[in-house]
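K.L.:
I have a structure I would like to understand better, so I am pasting it below and will then ask my questions one at a time.
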Amino acid sequence: MKGKDYTGYSMEQLLNDDFFVESFFYSTVESHIFWEEQILKDEALAKEVEYAKTVLGSVPYRKRVFSQADKDFLWNRINTTTHRKRLYKYWYSSVAAVAVLLLMAGSFYYASDYAKNDLTAIERVQKPEHPVEKIQLILAEEKKVEIEENSRLQYNKKGELHINTQKVATAQEKETDSQTKKEPVYNQLVVPVAKRTFLELADGSKIWVNANTRVVYPVTFEKKKREIYVDGEIYLEVSPDKERPFIVKSKKMDIQVLGTKFDVSAYESKPEVSVVLVSGKVNVKTDNRIESVLKPTDRLSYKKGTTDIQTVNVENYISWKDGFYTFDNECFSTVLDKLSDYYGKRIEYSASVGTLRCSGSLNLDEDMVKVLTGLESTMPVNFTIERESVSVNVKP
Amino acid sequence: MELNHNKSENKLWMSFRNGDEGSFEFIYTKYADVLFRYGIQFTSNESLVKDAIHDVYVKLYNDRQHLKTDVNIKFYLFSCLKNHLYNLLKRELFFDNIDIEENEYLDPNAEEQVTITLSQNELKQRVRKVLNLLTDRQREIIYYRYIEELSTEEIAVLMNMNYQSVQNSIQRSLKRIRDSFPILMLFFILYKKIYFC
Numbered sequence: 000m001k002g003k004d005y006t007g008y009s010m011e012q013l014l015n016d017d018f019f020v021e022s023f024f025y026s027t028v029e030s031h032i033f034w035e036e037q038i039l040k041d042e043a044l045a046k047e048v049e050y051a052k053t054v055l056g057s058v059p060y061r062k063r064v065f066s067q068a069d070k071d072f073l074w075n076r077i078n079t080t081t082h083r084k085r086l087y088k089y090w091y092s093s094v095a096a097v098a099v100l101l102l103m104a105g106s107f108y109y110a111s112d113y114a115k116n117d118l119t120a121i122e123r124v125q126k127p128e129h130p131v132e133k134i135q136l137i138l139a140e141e142k143k144v145e146i147e148e149n150s151r152l153q154y155n156k157k158g159e160l161h162i163n164t165q166k167v168a169t170a171q172e173k174e175t176d177s178q179t180k181k182e183p184v185y186n187q188l189v190v191p192v193a194k195r196t197f198l199e200l201a202d203g204s205k206i207w208v209n210a211n212t213r214v215v216y217p218v219t220f221e222k223k224k225r226e227i228y229v230d231g232e233i234y235l236e237v238s239p240d241k242e243r244p245f246i247v248k249s250k251k252m253d254i255q256v257l258g259t260k261f262d263v264s265a266y267e268s269k270p271e272v273s274v275v276l277v278s279g280k281v282n283v284k285t286d287n288r289i290e291s292v293l294k295p296t297d298r299l300s301y302k303k304g305t306t307d308i309q310t311v312n313v314e315n316y317i318s319w320k321d322g323f324y325t326f327d328n329e330c331f332s333t334v335l336d337k338l339s340d341y342y343g344k345r346i347e348y349s350a351s352v353g354t355l356r357c358s359g360s361l362n363l364d365e366d367m368v369k370v371l372t373g374l375e376s377t378m379p380v381n382f383t384i385e386r387e388s389v390s391v392n393v394k395p
Numbered sequence: 000m001e002l003n004h005n006k007s008e009n010k011l012w013m014s015f016r017n018g019d020e021g022s023f024e025f026i027y028t029k030y031a032d033v034l035f036r037y038g039i040q041f042t043s044n045e046s047l048v049k050d051a052i053h054d055v056y057v058k059l060y061n062d063r064q065h066l067k068t069d070v071n072i073k074f075y076l077f078s079c080l081k082n083h084l085y086n087l088l089k090r091e092l093f094f095d096n097i098d099i100e101e102n103e104y105l106d107p108n109a110e111e112q113v114t115i116t117l118s119q120n121e122l123k124q125r126v127r128k129v130l131n132l133l134t135d136r137q138r139e140i141i142y143y144r145y146i147e148e149l150s151t152e153e154i155a156v157l158m159n160m161n162y163q164s165v166q167n168s169i170q171r172s173l174k175r176i177r178d179s180f181p182i183l184m185l186f187f188i189l190y191k192k193i194y195f196c
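Set out below in structure tokens:
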């Protein structure tokens, strides 16, 4: 490396040094001057350098010309073969893990490729017409139950629902043991902005549901698979069940898991969807027909046909389930966007506000005004809260 | 410089995995030549090497969605080529022996040959002789290390050896070279006209 001291270096050591080898094959004015100086002041080194240079210049290998014409011709061959193969059907690799992907909904041009009649029953469950203020559980036959925040919903193995250990009479109880032909009965949990809840499914899987989210799930799972539908964000701890893979469906992603912990962010109204894997293994299939296998601490984000996987500090992505958001030198724009999603109110800010950096944690049980006031004391910004939106400006 | 190289490589690989046709073509444009150069070390049958390269890229294209996200593209292509060459040649792969006359040496000072002294020339001859006397595995490792600039880990995978064995092999090869240096060379150090460019 430049500036490194090469005194006492032998030919062998020089040949093991990346900078030396690079200087020989790709010399620059700087590297040339550098080595000139080295050999001028150290005769022993000069000898070793000469030896090493000779070795590098003497490596025997067969040389043949690969002409541009030949190269182009070969490319044509490759192109022909690959485009022939494109007609073959797409097949799935063996899915080992379940990925929970939250698909951010959003007008996405691929959506038009999905004809309505391709939707499975679970995807066709209608979302409520009007935005709700309280957490709602919509049972079969449109029966609605209001849920208090911080309630604990739990389905036992038989599909009986208990809310805070109190049994809730549901229409499903009249059903006889399901024949496989009978369509499963779906419940829909609707969580409005600024609220969160927790749900335990019939197989023991645990779901933490974030604000502005709805989850559709069968009261009891089918024999061959466990499937739920998400529009929003959830954190999932899936019960292992080798016989029945767990599938989280959303508008743009399907995640298949065997038993694992992960966060899925898949709002139908947003263009970006993501999955963060905490433990286990998941296979994510996005609607551009590409599959990815994730390992713990991977975060996959998918937007407009492009997939990106990065390693993250998972805590920042799942802390919401315990009631707070944590940020670690995060762009303020990310923080503001998350708050906007959570409270359901538009937050407008300029680029200079967005690029500020922010670390800390916010308590989600507090109302928005309180959280913003707290932020004002730590960040050099002012918040102006209006009826329809909040605007943020840099403090003068 | 190396870090930048990795970043843009990563982007190229990611966009290729995502189905971008232009990226696939670029991976061909960028690496087909070195793949040819590599394949030709195992056999002088140029047509066969081209078939192998064809198979590598077709398989790459078909498998693109299932590929790992974090790869060193050149190294990955090299291992693919080795596999396909093995399938086509139906024999163990080893570096061919090369006649000294047939050789073309990677010597950027080639034009300067006229000005080197007899001593330098003699040194060159000796080194070349030794390098040609190495076993084909030793020559293969030297080729990977200095011509293709692969890392020791990568060489270990391609050669199906462990890291330490690769290091030892390189050291042994260099020792043989050093042992061949004539004592005359000691006076060589006074020759100041040593330059890289």
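Protein chains in written order, with numbering that gives the first Met the number 0: chain B, 0 to 395; chain S, 0 to 196. Heads up, the beta-carbon is just placed ideally off N, CA and C, and yes, glycines get one too. Computed from a prediction, not measured in an experiment: that's the story for all the values here.
Out of B:Thr81, B:Lys394, B:Val283, B:Lys241, which has the shortest C-alpha to C-alpha gap to S:His53?
P.N.:
The residue among B:Thr81, B:Lys394, B:Val283, B:Lys241 with its C-alpha nearest the C-alpha of S:His53 is B:Thr81.
K.L.:
Over what stretch of residues does the alpha helix (DSSP H) that includes B:Lys369 continue unbroken?
P.N.:
Where B:Lys369 is concerned, the enclosing alpha helix (DSSP H) stretches over 367-377.
K.L.:
Can you tell me the Cβ-Cβ gap for B:Val272 and B:Ile254, rounded? I've got them flagged as a contact below 8 Å.
P.N.:
Not really, about 10 Å apart at Cβ, beyond 8 Å.
K.L.:
Just to make sure I have the definition right: I need the residues of chain C whose C-beta is within less than 7 Å of the C-beta of B:Val54. Which are they?
P.N.:
In the structure shown, chain C cannot be found, because the protein chains are B and S.
K.L.:
From this set, B:Val54, B:Ser291, B:Asp321, which residue's C-alpha is nearest B:Leu361's C-alpha?
P.N.:
For B:Leu361, the nearest C-alpha among the options comes from B:Asp321.
K.L.:
Put B:Ser300 into one of helix, strand or coil per three-state DSSP.
P.N.:
strand
K.L.:
Identify which residue in B:Asn287, B:Arg356, B:Ile32 has its Cα closest to the Cα of B:Cys330.
P.N.:
Its Cα nearest to that of B:Cys330, the residue B:Arg356 stands out among B:Asn287, B:Arg356, B:Ile32.
K.L.:
Please report how far the alpha carbon of B:Ser22 lies from the alpha carbon of B:Glu49, in whole angstroms.
P.N.:
13 Å
K.L.:
Comparing C-alpha positions only, which one of B:Arg151, B:Val184, B:Ala120 sits nearest to B:Ile137?
P.N.:
Looking only at B:Arg151, B:Val184, B:Ala120, the smallest Cα-Cα distance to B:Ile137 is reached by B:Val184.
K.L.:
Go to B:Ile137, then tell me how far its alpha helix (DSSP H) extends in each direction, as first and last residue.
P.N.:
It is not in any alpha helix (DSSP H) - B:Ile137 instead sits in the beta strand (DSSP E) that spans 134-137.
K.L.:
Would you list, in sequence order, the uninterrupted beta strand (DSSP E) runs of no fewer than 3 residues that lie entirely inside the segment 248-284 of chain B?
P.N.:
252-256, 260-265, 271-278
K.L.:
The segment 136-148 of chain S: which residues have C-beta closer than 9 Å to a C-beta of chain B, in chain order?
P.N.:
Arg138, Ile141, Tyr142, Arg144, Tyr145, Ile146, Glu148
K.L.:
On the premise that B:Val192 lies in contact with B:Ala210, defined as a C-beta separation below 8 Å, what is that separation, rounded to the nearest angstrom?
P.N.:
The Cβ separation is near 5 Å, so the contact holds.
K.L.:
For S:Ala155, go through chain B and note every residue whose CB falls closer than 7 Å to its CB, in chain order.
P.N.:
Neighbours of S:Ala155 on chain B: none; closest Cβ ~15 Å, over 7 Å.
K.L.:
B:Ser57 versus chain S: which residues are under 7 Å apart at the beta carbon?
P.N.:
Within 7 Å Cβ-Cβ: Tyr104, Lys123, Val126, Arg127, Leu130.
K.L.:
Residues of chain B with a CB under 8 Å from the CB of S:Val57: which are they?
P.N.:
Ile77, Thr80, Thr81, Lys84
K.L.:
Is S:Phe93 buried or exposed, if buried means 16 or more other CB atoms sit within 10 Å of its CB?
P.N.:
exposed
K.L.:
Give me the subset of the segment 34-50 of chain S whose CB atoms are less than 8 Å from a CB atom of chain B, sorted by chain position.
P.N.:
Phe35, Arg36, Ile39, Gln40, Ser43, Glu45, Lys49
K.L.:
Any idea if B:Lys156 is buried or exposed, counting beta-carbon neighbours within 10 angstroms, 16 or more meaning buried?
P.N.:
exposed
K.L.:
My output table needs one value for S:Lys6: the three-state DSSP class, helix, strand or coil.
P.N.:
helix
K.L.:
Please state whether DSSP places B:Asn381 in a helix, a strand or coil.
P.N.:
strand
K.L.:
Under a CB-based cut-off of 8 Å, is B:Leu73 close to chain S?
P.N.:
yes
K.L.:
Taking Cβ-Cβ distances shorter than 8 Å, what residues in chain B pair up with S:Phe180?
P.N.:
Tyr50
K.L.:
Take every Cβ of the segment 334-341 of chain B, pair it with every Cβ of the segment 300-308 of chain B, and state whether three or more of those distances are shorter than 8 Å.
P.N.:
no
K.L.:
If you measure beta-carbon to beta-carbon, which residues of the segment 294-317 of chain B are closer than 8 Å to chain S?
P.N.:
Along the segment 294-317 of chain B, the positions whose C-beta sits under 8 Å from a C-beta of chain S are Gly304, Thr305, Thr306, Asp307, Ile308, read in chain order.
K.L.:
According to a CB-to-CB cut-off of less than 9 Å, which residues of the segment 268-291 of chain B neighbour chain S?
P.N.:
Within the segment 268-291 of chain B, the qualifying residues are Asn287, Arg288, Ile289, Glu290, Ser291.
K.L.:
Assuming S:Glu45 contacts B:Arg63 (C-beta within less than 8 Å), just tell me the rounded distance between them.
P.N.:
6 Å
K.L.:
Is S:Val70 helix, strand or coil when you go by DSSP?
P.N.:
Here S:Val70 sits in coil by DSSP.
K.L.:
Give a yes or no on whether the minimum CB-CB distance between B:Leu13 and chain S is below 8 Å.
P.N.:
no
K.L.:
Excluding the 5 residues preceding and the 5 following B:Leu335 in the sequence, name in chain order all residues of the same chain whose CB lies nearer than 7 Å to its CB.
P.N.:
Result list for B:Leu335: Ile346, Tyr348, Val391, in chain order.
K.L.:
Would you mind telling me which residues of chain S sit closer than 9 Å to B:Lys70, beta carbon to beta carbon, in chain order?
P.N.:
Within 9 Å Cβ-Cβ: Tyr27, Thr28, Ala31, Asp32, Phe35.
K.L.:
Do you know offhand how far S:Arg140's Cα is from S:Leu173's?
P.N.:
Reading off the sequence, residue 140 of chain S comes out as Ile, not Arg. When rounded, the distance between both Cα atoms is 12 Å.
K.L.:
If you draw a straight line from the alpha carbon of B:Gly73 to that of S:Lys49, how long is it in whole angstroms?
P.N.:
Per the sequence presented here, residue 73 of chain B reads as Leu, with Gly not at that position. Each residue's Cα considered, the two are about 7 Å apart.
K.L.:
Please state whether the Cβ-Cβ distance between B:Ile121 and B:Lys248 is less than 8 Å.
P.N.:
yes
K.L.:
Which residues bound the beta strand (DSSP E) around B:Arg151?
P.N.:
151-154
K.L.:
Quick one: what's B:Gln165 bridged to in DSSP?
P.N.:
Partner(s): B:Ile162.
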